[in-house]
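One structure below.
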Amino acid sequence: MILFLLRRLAIGLVVIFLVSTAVFLVTRVVTSPEKAYLPIDASVEQREAVRADLGLDKPLGEQYGVFLGDLVQGDLGDSYWQPGKSTLTLVLERLPSTLLLNSVAIVLALLIAVPLGIIAALKAGGAVDRVATTISLLGLSAPQFWLGFLLILLFGVNLQWFPTSGADRPSSIVLPALALALPTAGKIAQMMRSTMIDELGRPYMLTAESKGMGQTYRVVRHALRNCTVPVLTQSSFEYARMLAGFTVVVETVFAWPGVGSMTVNALEQQDLMLLQAIVIVIATLIVLVNVITDILYSVVDPRIEVA
Amino acid sequence: MSTHPRSRWRQALVLGSALSLAIAIAACGGDDDATSTGGGGGGSSDGFVIAIADEPSTLDPQAQEDGNERAVNDNVYEALLVRDSETNELEPRLATELPTQVEPTVWEFTLREGVEFTNGEPFDAEAAAYSINRIVDPDYESAQLDYYGPLQSAEAVDATTLRVTTSEPDLVLPARFARLKMVPPEASQEDSFTEEPIGTGPYTVTAWDRGQQVTLEANPDYWGEAPPESEVTIKFISEAGTRVAGLRTGEIDLATLLPPEQAADAPQVLTKEGVEFPVYRLKNYDGTLVSKEIRQALNYAVDKDAIAEDLFSGYATVADCQPSQEGTTGYNPDLEPYAYDPDKARELLEEAGYDGEPLSLLGATGRWLKDAEMHEVVIGYLEEVGVSVTPDIRPFSSYIDEFTRTVGDAQPDIGFVSASNELFDASKMDSYYASDGALSSYVNDDADALIAEAAAAESPEDREAAYQELFALGCEDPPFIFTVNLQDIYGASEGLDWTPRSDGSLYIPEMSLGS
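Just so you know, the protein sequences line up as chains A and B, in that order. In terms of this note's numbering, the first sequence opens at residue 1 and continues consecutively. In terms of this note's numbering, the second sequence opens at residue 308 and continues consecutively.
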């Protein structure tokens with residue numbers, strides 16, 4: 001177990017290193033932060049001074065060396081948008097909000113998707129299945145941006161049940177979490193449905209039925225347990241997708257004070273260092289999510305040996 | 308979908324259970340805010356709430372050039388002078404009167420007595436001199452330095468007399484002092500100063516919740532009149548649609564920067580001509596546009612009214628043949644916009660012998676309000692009168708490299724830019740009208756002479772006259788295709804009583820929610 005974890009973490013480190021390198025190259029090659037930082041009529045000298053300030057005037061190889069040296073020490077540079085602040089501090093300040101939102105969203109998604117998938121599978125091909133499938137397809141095809149505004153208009157403006165934006169009261173999390181959860185729920189429900197149909201068709205289900213076991217017991221205690229691994233895989237993948245992208249859209253729409261909305265600030269301000277820190281922190285998180293998922297596999301299915 | 312009667316029942320069942328699930332989820336969350344605000348709507352518990360588009364980069368008022376920072380600090384800090392909200396004229400604030408020019412490069416201010424910063428530090432000539440010397444110090448690297456031009460140093464003569472020195476005679480100096488905020492000499496040297504502002508103004512900052520909001524409270528010891536709203540929250544909401552939704556539920560009382568197409572959804576819309584003048588810069592020293600008649604023809608060809616009405620939904624005003632507005636020093640009240648007259652344009656093109664040679668047009672996209680749409684419209688108008696255009700529309704980061712090429716380098720024939728004048732002084736436009744201006748593609752000896760004349764003028768009247776003449780010259784021999792002056796669009800709750808300011812400042816003491 002320990003050995004397995006160490007090996008996974010070592011692979012994770014390699015992944016983070018590769019991501020960092022990619023981020024370094026992309027930010028250095030594609031962007032020119034000095035253009036965004038300075039007024040439009042800034043002189044060539046001013047632009048050069050900013051480049052020198054950021055170390056962008058040095059050869060790429062040298063910049064990369066400095067970058068790696070700092071990275072190892074946990075120094076991801078200072079923000080240009082918020083001068084004098086370490087970008088890592090800025091990201092870590094906002095990270096709890098993002099983790100809270102995404103975790104609530106994935107739990108919500110499972111709460112919606114698992115029952116929906118089971119209902120659909122039990123009556124596969126019937127009207128209930130078709131309705132459940134339509135609902136889940138609607139969910140998974142709605143873009144988060146559009147869905148977010150729809151939820152704001154419906155539950156914020158018309159019904160006035162929830163605040164339209166912000167994070168200053170506990171109920172503020174409901175709408176952004178729903179905007180993240182519904183498309184994800186659609187996907188997990190599809191996965192739940194198809195694996196459940198597979199399981200229901202297996203011989204052991206027939207045996208269980210012939211022994212006189214009730215349907216609920218058969219489905220919940222036997223079939224559902226066997227569906228856990230694929231659903232877990234899907235959920236972990238969806239969670240990573242939220243963290244790595246969807247949360248940016250949803251946090252921006254709902255003015256949620258997490259890393260996602262800060263990503264948009266960083267982009268608008270062309271804060272290269274901050275963007276770099278965000279990508280590296282999120283990449284690290286995703287590596288962690290994957291390791292945790294691997295551990296969970298062996299918890300939910302003792303047949304899977306972690307070695 | 309099947310129409311079998313049994314399956315309809317099942318559909319209803321499923322839909323019903325899905326709905327009740329949604330309601331159950333809703334109810335769980337609903338409990339929390341039921342006690343605090345009675346749902347999202349019907350006003351909020353936060354007092355007066357303003358939504359701006361982004362978080363301030365810092366709350367040090369002298370460091371950055373950042374409208375979000377100003378939205379907060381315009382209420383916390385004060386400058387020596389201020390612009391009148393209606394006339395845009397300069398008036399004293401922490402000074403008792405407008406400064407006097409005692410020598411060509413020396414000015415004196417008389418300061419208000421008995422003013423204190425909220426930490427108890429006195430505001431006196433020493434503090435004022437410190438504030439000025441702080442911002443011009445090259446090591447401090449203020450991003451606002453562009454506004455302060457030849458400002459060199461300051462010293463206290465006595466407690467209420469401040470002497471300011473410039474490196475060359477500078478008649479714009481009073482305008483500069485409507486922006487330069489006064490900071491406390493002791494507290495501003497602390498590291499915490501970027502997050503805990505301490506000013507002399509009508510409000511103090513009580514909290515800065517990262518990524519969310521800044522809360523303000525009326526300064527109980529303010530030297531002036533107490534503001535009507537004592538508790539204010541400034542929220543950061545980057546999506547305009549979300550700001551509008553908040554206005555509609557009453558969570559927000561005032562929202563900035565609404566796009567024209569969303570303004571109609573706000574309970575109340577407030578507008579003011581802002582500082583942005585989108586223009587198409589014309590290269591007059593080389594190529595087809597050397598001909599003044601062709602440059603005039605381009606101005607006749609574009610329907611400015613249609614741009615204002617249709618593209619900007621009426622939230623724009625046709626510019627008066629100059630990139631400046633009333634209340635700006637140097638504004639020429641006698642100039643009229645070029646009429647929309649395609650026949651006249653064709654006539655002028657023919658007279659000038661335009662041979663159909665394509666004109667290169669450089670434009671940015673995604674940087675300024677509706678920039679890409681504007682290029683389409685303008686190119687359409689030009690082609691309508693027979694002008695051939697080769698568009699080169701780029702994202703800002705690559706556009707700017709091309710646009711900032713100076714006279715003589717490979718400049719485009721036509722280059723879009725949004726000229727802005729936050730200083731409300733014509734000299735801000737030297738960069739377009741002077742042949743050595745940083746953004747100029749216009750070489751005109753008469754214009755250069757007028758700019759030199761303005762710089763050497765001994766009285767504000769002579770200086771203003773020189774700029775008015777410059778703008779008249781630029782109307783007749785145009786360096787631009789002039790278009791419109793964009794309005795700042797604010798959304799407000801129905802009860803809000805406020806007139807937006809030309810300088811875009813969100814000065815909260817001028818706002819009240821009524822009774």
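Here a beta-carbon is modelled for each residue, glycine too, at the ideal position from N, C-alpha and C.
Asked                                                                                                                                                                 : Found
What alpha helix (DSSP H) runs, 4 residues minimum, are completely inside the region 459–506 of chain B?                                                              : 480–483
So, under 8 Å CB-CB, E680/B and S620/B are touching, yes? Tell me the CB distance rounded to an integer number of Å.                                                  : Contact doesn't hold; Cβ gap of about 12 Å is too wide.
Using a Cβ-Cβ distance cut-off of 8 Å, determine whether Q63/A contacts chain B.                                                                                      : no
To the nearest angstrom, how far is the alpha carbon of A113/A from that of D129/A?                                                                                   : 13 Å
Which residues in chain B sit within 7 Å of V264/A, going by Cβ to Cβ distance?                                                                                       : S545
Give the DSSP-derived three-state secondary structure of L18/A in the structure shown.                                                                                : helix
Considering just the uninterrupted stretch of the beta strand (DSSP E) at Q408/B, what are its terminal residues?                                                     : T407 to E410
Which residues in the same chain as I2/A place their Cβ atom closer than 6 Å to its Cβ, once the five residues preceding and following it in sequence are excluded?   : none
Residues in the same chain with beta-carbon distance under 7 Å from R218/A, minus the five sequence neighbours each way, listed in chain order, please.               : M205, A208 and E209
Is G673/B buried or exposed, if buried means 16 or more other CB atoms sit within 10 Å of its CB?                                                                     : exposed
For L564/B, which residues from the same chain have a beta carbon less than 6 Å from its beta carbon, with the 5 sequence-adjacent residues on both sides left out?   : A360
How should L25/A be labelled, buried or exposed, when 16 other C-beta atoms within 10 angstroms of its C-beta is the threshold for buried?                            : exposed
To the nearest angstrom, how far is it from the Cα of E433/B to the Cα of S460/B?                                                                                     : 12 Å
Report the neighbours of E524/B on chain A: residues whose CB is nearer than 9 Å to its CB, in chain order.                                                           : Under the 9 Å cutoff, chain A gives no residues; its nearest Cβ is about 17 Å from E524/B.
My output table needs one value for W530/B: the three-state DSSP class, helix, strand or coil.                                                                        : coil
N426/B: buried (16+ other C-beta within 10 angstroms of its C-beta) or exposed?                                                                                       : exposed
Say whether chain B places a C-beta atom closer than 8 Å to the C-beta of Q215/A.                                                                                     : no
Tell me, please, which residues DSSP counts as bridged to I119/A.                                                                                                     : In the DSSP output, where bridge partners are listed per residue, I119/A has none listed.
Look at the alpha carbon of S598/B and the alpha carbon of P665/B, and state the distance between them as a whole number of angstroms.                                : 15 Å
Closer than 8 Å, Cβ to Cβ, to anything on chain A: give me those residues from the region 369–403 of chain B, in chain order.                                         : A370, Q371 and E372
Taking DSSP as the reference, what is the three-state secondary structure of A109/A?                                                                                  : helix
Among the residues of its own chain, which have a CB less than 6 Å from the CB of L387/B, if the five just before and after it don't count?                           : L401, A402, F416 and F484
The alpha helix (DSSP H) spanning R241/A covers which residue range?                                                                                                  : L224 to R241
Could you check whether the Cβ of G336/B sits closer than 8 Å to any Cβ belonging to chain A?                                                                         : Confidence at G336/B is low in this model, with a pLDDT of 38, below 50, so its placement is unreliable and the value that follows should be read with caution. For G336/B, the answer is yes, since a Cβ of chain A falls inside 8 Å of its Cβ.
For A436/B, which of V422/B, S695/B and D465/B has the nearest alpha-carbon?                                                                                          : D465/B
Which residues in the same chain as I505/B place their Cβ atom closer than 6 Å to its Cβ, once the five residues preceding and following it in sequence are excluded? : F424, T425, N426, P491 and A494
In angstroms with no decimal places, state the Cα-to-Cα distance between K542/B and A127/A.                                                                           : 47 Å
Alpha carbon to alpha carbon, what distance is there between R550/B and S172/A?                                                                                       : 15 Å
Quick check on DSSP: helix, strand or coil for L276/A?                                                                                                                : Correcting the residue identity first, residue 276/A is Gln in this sequence and not Leu. Helix.
Determine which residues of the region 139–155 of chain A have a Cβ less than 8 Å from any Cβ of chain B, and write them out in chain order.                          : F149, I152, L153 and F155
With DSSP collapsed to three states, give me the class of T260/B.                                                                                                     : Lying before the first or after the last residue shown, residue 260/B is absent from chain B, which here runs from 308 to 822.
Using only alpha-carbon positions, find the residue among D528/B, W530/B and E536/B that is nearest to T522/B.                                                        : E536/B
In whole angstroms, what separates the C-alpha of R241/A from that of T365/B?                                                                                         : 32 Å
Using a Cβ-Cβ distance under 8 Å, would G55/A count as near chain B?                                                                                                  : no
Which residue spans inside the region 708–774 of chain B form an unbroken alpha helix (DSSP H) run of at least 4?                                                     : 737–740 and 752–763
Counting only C-beta atoms, is V114/A closer than 8 Å to chain B at any point?                                                                                        : no
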